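*Asks:* Pasting a structure below so you can have a look.
Okay, structure coming up:
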């Protein structure tokens, strides 16, 4: 279909020494789609991004981006994509404006075009006042915004963002998300994103792919993923770790799909209205009393954890 | 959008590295002081060898000046590669790889900046030596050739250190790799001419050491005037070394992220 801007088929990467980072993954991303690519550390997310962005050569498989073949036409692909990798890729000795201008020139813009684009972009990312300061002295959030501006110089059709909000304070994260959402909604830029902040992916992504041990284990829109889990979440908090451990030993007998975080237990069950009285009864028998109990639908975090822990779920 | 051109990209990336160097002078000033130190200390400490037969009547500053100039060249080359390492570490190198720019232009940008520093530092060192009484027997043409000879060595060394940087992406590995400078310097005709090296293994080491031919070429131009064979060997060593090492560095720039 013509509206698929990223087509990935049987893509693999095996490093020297035999480590299989990515194993025969296949998926497509539609033009204008906001696609979130999730996975635990070492799952193969960054390797996939490096392959899709022409930085690393695949061991096998086929990739087509914006109609160009990854292996035969990497130069054409570079003209169509923008890439913000995990580290902010800037030269700290140059000013923000100089870096944007240079990027424009390297993409073949004239001096005047590069200057105009630099003015537009520093305004877009809110760096007009600081554009003529050495960017090595910018805060982390400002460097991230500059990185995004540099990435956008040549008006890419597809934007690859590898954990763009890592290390940013909450206010900077919100600002950056606003910029990214604007690019997607107002300019129709296709976004391919990896992030550790699943609640953010839940809010913005049209579709989510989850990779585990180099294989894609889920590929759906966030709501379908949550529905597919078909489970309710019962969350209980306890006054101490000791209390929580006692509760865990008791509850696991009737609800084995359980997670514990600090003094909290999350239990995933079908039909929570039937299971909850049972849980309360069994806790009372064990002389453990939760400080708080709540029932909710699973979040994308819950789906992610379930999928990662058990590929077959 | 215009089609990008190799020459324009090289100019743009060289300008960018030069701006970085100008804004951070502490990267190259210590290297220049070290080269100056070599000139003064070796002249004061070993200058008496001019009483030996082969060197009789030679101004020892002129004899040791190539060592000082080569030291400046190696320092400038190392500085150029450190820019490359910083780009690799900061991710800016990956950013450049993601542009349509040629990989050769990316590598050459920092290398040419290093060579500009090398030429400026070498010129200053030679001028200081001239103020100390050195006379270049081959004249202004010889002076230009001395700069070309040392640029050849600098390029070859930069290509070598850049390859280490691109393969390891580690500034520590680059620093360790530049230690090869010491055997290159001391297993050569650094302090005395080849004829006066009596220990046979040291003599063999000096003969197979490419630096010897750079020294000999420069010394011919400084002390004896136009000696075609010495000058030609010096250029051949610099040219062949540069072509080999820069080609390998550019090949590694293409696959810099393949092993990650």
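Chains as they are written, first to last, in the numbering used here: chain R, 32 to 344; chain X, 237 to 496.
Even for Gly, the Cβ is constructed at its ideal location relative to N, Cα and C.
In this text the structure is predicted, and so the values were computed from the model without any measurement.
1) For the region 182–262 of chain R, list the alpha helix (DSSP H) runs that are entirely contained and at least 4 residues long, ordered along the chain.
2) Can you tell which of 406/X, 445/X and 362/X has the C-alpha that lies nearest to the C-alpha of residue 416/X?
3) Would you mind working out which of 306/R, 195/R and 268/R sits nearest residue 292/R, comparing C-alpha positions?
4) Using the beta-carbon count (16 or more within 10 Å), is residue 171/R buried or exposed?
5) What residues match up with residue 350/X in a beta bridge as DSSP calls it?
6) Counting only Cβ pairs nearer than 7 Å, list the residues of chain X close to residue 120/R.
7) Report the three-state DSSP secondary structure of residue 58/R (helix, strand or coil).
8) Helix, strand or coil, according to DSSP, for residue 380/X in the structure here?
9) On the DSSP letters alone, give me the boundaries of the beta strand (DSSP E) that residue 115/R sits inside.
10) For residue 300/R, which three-state DSSP category applies?
11) Can you list, in chain order, the residues of its chain with a C-beta nearer than 8 Å to that of residue 227/R? Leave out the 5 residues immediately preceding and following it.
12) Does the beta carbon of residue 337/X sit closer than 9 Å to a beta carbon anywhere in chain R?
13) What does a CB cutoff of less than 7 Å around residue 344/R pick up in its chain, not counting 5 residues either side in sequence?
14) Take residue 256/R as the anchor and find which of 328/R, 131/R and 208/R has the nearest alpha-carbon.
15) Taking CB distances under 9 Å as the criterion, tell me whether residue 252/X reaches chain R.
16) So is residue 181/R in contact with chain X if we call contact Cβ pairs under 9 Å?
17) Does the CB of residue 248/X have a neighbour CB from chain R at under 9 Å?
18) Considering residue 244/X, what are the terminal residues of the alpha helix (DSSP H) in which it resides?
19) By alpha-carbon positions, which one of 374/X, 339/X, 366/X and 313/X ends up nearest to residue 222/X?
20) Give the straight-line distance between the Cα atoms of residue 290/R and residue 333/R, rounded to the nearest whole angstrom.
21) Looking at chain R, is there any beta carbon in it that lies within less than 9 Å of the beta carbon of residue 259/X?
22) CB-CB under 7 Å to residue 262/R, same chain, minus the five flanking residues each way: which ones, in chain order?
23) In angstroms, rounded to a whole number, what distance separates the CA positions of residue 225/R and residue 58/R?
24) Taking the C-alpha atoms as reference points, what is the distance between residue 178/R and residue 259/X?
25) Starting from residue 77/R, trace the alpha helix (DSSP H) both ways and give me its first and last residue.
26) For the alpha helix (DSSP H) containing residue 481/X, name the first residue and the last one.
27) Consider the Cβ of residue 344/X: report whether some Cβ of chain R lies at a distance smaller than 9 Å.
28) Can you list, in chain order, the residues of its chain whose CB lies under 6 Å from that of residue 439/X, leaving out five sequence neighbours each side?
29) How many Å lie between residue 431/X and residue 244/X at the Cα?
30) In chain X, which residues lie with their C-beta within 7 Å of the C-beta of residue 84/R?
31) Do residue 56/R and residue 75/R have their C-beta atoms within less than 9 Å of each other?
32) Output the distance between the C-alpha atoms of residue 270/X and residue 357/X, rounded to the nearest integer angstrom.
33) Measure the alpha-carbon distance for residue 180/R versus residue 346/X and round it to whole angstroms.
34) Is there contact between the region 64–71 of chain R and the region 83–91 of chain R, where contact requires at least three CB pairs shorter than 8 Å?
35) Against residue 125/R, what residues of chain B qualify as contacts under a CB-to-CB distance less than 9 Å, listed in chain order?
36) Hey, is residue 117/R's beta-carbon within less than 9 Å of any beta-carbon in chain X?
*Replies:* In short, the structure shows the following:
1) 201–218, 229–235 and 253–260
2) 445/X
3) 268/R
4) exposed
5) Residue 350/X is not bridged to any residue.
6) 326, 327, 328, 330 and 331
7) strand
8) helix
9) 112–115
10) strand
11) 194 and 197
12) yes
13) Any reading at residue 344/R must be qualified, since the residue scores a pLDDT of 42, below 50, and its modelled position is unreliable; the value itself is stated next. Excluding sequence neighbours, residue 344/R sits near 337 and 338.
14) 328/R
15) yes
16) yes
17) yes
18) 242–259
19) The requested residue 222/X does not occur in the structure, where chain X is confined to residues 237 to 496.
20) 10 Å
21) yes
22) 299, 300, 301 and 329
23) 15 Å
24) 21 Å
25) 76–83
26) 464–490
27) no
28) 433
29) 48 Å
30) 334
31) yes
32) 11 Å
33) 24 Å
34) no
35) Absent here is chain B; the protein component of the structure consists of chains R and X.
36) yes
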